[in-house]
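Notes follow the structure.
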Amino acid sequence: MSGQSEPASTVSERHTEPGRRTWPALDGIGYGCDYNPEQWPESTWAEDVALMAEAGVNLVTVGVFSWSKLQPAPGELTAGWLDRVLDLLAAAGIRVDLATATASPPPWLVAAHPEILPVTEDGRRLAFGARQSYCPSAPAFRTAAVDLAERMASRYGSHPAVAMWHIGNEYGCHVPACYCEQSAAAFRRWLEARYREIGRLNEAWGGAVWSQDYTGWGQIEPPRTAPTFGNPAQQLDFARFSSDELLACYRAERDVLAAHSPGTPVTTNFMGLFRPVDQFRWSAELDVVSVDSYPDPADAEAHVASAMAYDLTRSVGGGRPWILMEQAPSAVNWRSVNVPKAPGQYRALSLQAVARGSDAVLSFQWRAAATGAEKFHSGMLPHAGTDSRVWRDVVSLGAGLRRLAPVAGSLVHAEAALLLDWESWWALELDSHPTSRLRQSELIGEFYRPLLHAGVSVDFAHPESDLSGYRLVIVPALYLVTDAGAGNVRRFVEGGGTALVTFFSGIVDPADRVRLGGYPAPWCDLLGLRVEELAPLPEGVAVPLDGLDAAETGAAGRLWQDVIDLAGAAPLLTYAEGHLAGEAAATTHERGRGEVMYLGTLPDRATLGRLVRRACRHAGLELRTDLPRGVEAVRRGDYLFLISHTDRAVELGLGAKRLDLLTGAMVGPTAVLAPRDALVLAP
Ligand code: GLA
Ligand code: GLA
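Residues 11 to 693 (our numbering) make up the sequence shown, in order.
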């Protein structure tokens, strides 16, 4: 039945449509930042360019928030200042990622069209005075943004400095969805295109529940704040719609760029594991995929979060090189406590991006601002000036990146994949579920961490994408699965793959309708079991586990328990206490030429690590067991990156003497890495 609510364009089409994939003409690895010269007197610009040359900057993003400076009133651009900036940069050989400048509408536009201000779920209109103050469905915003993009493209489409175009900024960051009347009208049009007949919508949304059968499209509203839990299928469609509406804003600008600046690549900056925007759907529309990454320096595992975001970015871009569009040279301003990066951390996290497939490393921003909301956000050129640790680190990273030129263009080859589908993520985190403690990105992180520590490269894959290149596929709470996705995982295992599937996977179809017959209905035979009942665990409750030496290690399950009936699978772990004592908590099942493991609980991190390593070994993946905590090993092309994220010196065995690209020196057979230092070993 799920066929009726599948999206009109099938995912396999989306995944085979590569889009234009051009790279901004750069030699080696790009290095740079957001550059906001409009915030500074023109007398500083020559110094900027000279210092950029000193740091080795060769790519800067210009104009992201400069709409009010470029178009202080409707009509003509007042862009003489930008002409001069671009000419200065071109003369210095610095390429520009030029923004269409539409990320934040100016006051005159909002004053003339107050209806473009976004409205929250509970009906509050958000005021002007910050940024991103627009409803993605507002015709007045769309028209004005496309007009500005067209003026920018016709003026600068063939400027020698312009290497690529940057549309919008972090789509959905502050306003992931708008609930105003214009959005309601657009949502109705989107629903009509999806369902055609109101009866089909009622069926998909379960209109029989709580008296919600609609008799006309005009009766439908966005899922605004309601007396109690809103209709989940309505909420899920609104999440799909909201991602599509933002994408429509992007596309409208992209189309005018294509007309006026053909052949120049176009990007927008994603935000890693960010729920509102379906990056698999979006990436087909981008020539180059880019990401902003702000791991918290106060988090001892900041490098795990950033590694995950980088692997995701590479994956949504189809494995091609990508751009780290923004990171902080040191502290940000937007956490409640903004800890600066530790000495060496900016470099280590930048090299991590290159290791994971980035061909450019940019920061936000060039000069730390003197005014405005972001004045305590670090910049490459800090308030303290060039006599500062941050500046010295900036210059030294530039030199290091120049030496990594041979790495540019090479690919990361991963044989393990984590399945991720934004539609499933949206549905998973809806309310009125067995637990509200299950979070998609946290669960993914639980599996990602041991893979990172074992030096196993991992891609993120859409459940309907080609999995044949992988040996191991992990399915972390893939709550919603299409028939095609369910069949794809099955074929992967039957063809000899190893899969690791968790609780709360394969539960509903694309309309959020439960697949009946015991969980996970599409995979019960594949897994050799049937889950009869879902038994989530309250915060702080852990259930002891037996099996796989679990008793000796004090293993315990967290977050969740499935009540499992075995039907061919063998238990790997059992519950040791409670009403499920003796029942299976984790299982394995051979199927076709493959094996599939199932986790009915979330084991503690040590036990989960053992299970993940077991799955890796079973899949025939190469595992490193010699890496000290906090050290990552990543192969990109012929080069092996060894990066320390710890504040202690660590000793590493390299096997033989090897050339380190970063220093040009021979190292090994053992090497001591200073805190947060790295090696990039040539073959
Ligand atoms: C109340 C309502 C029912 C149902 C239950 C669920 O009792 O009257 O319609 O929603 O809660 O617990
Ligand atoms: C985001 C934005 C930037 C800037 C930084 C600060 O990444 O895109 O404009 O505000 O955050 O960290």
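Just so it is clear, CB atoms sit at the ideal spot from N, CA and C, and this is done for glycine as well.
Bear in mind that the values here come from a model prediction, so they are computed numbers and not experimental data.
- Within 10 angstroms of the beta-carbon of HIS472 lie 16 or more other beta-carbons, which makes it buried.
- The Cβ atoms of LEU583 and GLY550 do not sit closer than 8 Å to each other.
- Ligand 2 has no heavy atom closer than 7 Å to the beta-carbon of TYR356.
- Between the segment 74 to 85 and the segment 110 to 126 there are three or more inter-stretch CB-CB distances shorter than 8 Å, so the stretches are counted as touching.
- Relative to ligand 2, the beta carbon of PHE386 is positioned no closer than 7 Å to any heavy atom.
- Apart from sequence neighbours up to five positions away, the residues of its chain that approach TYR189 with a beta-carbon distance below 6 Å are VAL129, GLU131, PRO232, ARG234, ordered along the chain.
- Ligand 2 approaches ASN179 closely enough that one of its heavy atoms is under 7 Å from the residue's Cβ.
- In this structure, ligand 2 has a non-hydrogen atom nearer than 7 Å to the beta-carbon of ASP302.
- For ARG357, no beta strand (DSSP E) encloses it; the enclosing alpha helix (DSSP H) starts and ends at 355 to 365.
- Apart from the 5 residues on each side of it in sequence, SER164 sits with its Cβ closer than 6 Å to the Cβ of HIS270 in its chain, given in chain order.
- Between the alpha carbons of PRO305 and HIS463 lies a gap of roughly 18 Å.
- ARG134 and SER143 have their C-alpha atoms roughly 13 Å apart.
- Under DSSP, the beta-bridge partners assigned to ILE333 are SER300, ALA370.
- Between SER388 and SER340, the C-beta gap is smaller than 8 Å, which places the two residues in contact.
- Out of THR88, PRO84, ALA643, GLY40, the CA that lies nearest to the CA of GLY103 is found in GLY40.
- If you check the CB distance, TYR585 and LEU539 do not come in under 8 Å.
- The straight-line gap separating the alpha-carbon atoms of THR88 and PRO170 is approximately 20 Å.
- Within the same chain, LEU662, GLY663 come within 8 Å of ASP636 by CB-CB distance, once the 5 residues on both sides are set aside.
- Between the alpha carbons of HIS599 and GLU587 lies a distance of about 24 Å.
- Contact between THR278 and LEU296 holds, with the beta-carbon distance rounding to 7 Å and staying under 8 Å.
- The segment 176 to 262 is shown to contain no whole beta strand (DSSP E) run of 3 or more residues.
- Shortest gap from the CB of ALA341 to any heavy atom of ligand 2: 7 Å or more.
- LEU429 and LEU488 do touch by the CB rule: their CB atoms are close to 6 Å apart, below 8 Å.
- Taking the Cα positions, ASP93 is about 56 Å away from THR508.
- Rounded to whole angstroms, the separation of the alpha carbons of ARG686 and GLN289 is 31 Å.
- Straight across, the Cα-Cα distance linking GLU632 with SER193 is about 50 Å.
- Per the C-alpha coordinates, the member of SER451, TRP432, TYR356 positioned closest to THR656 is TYR356.
- In this structure, the beta-carbon distance from GLN49 to ALA379 falls below 8 Å.
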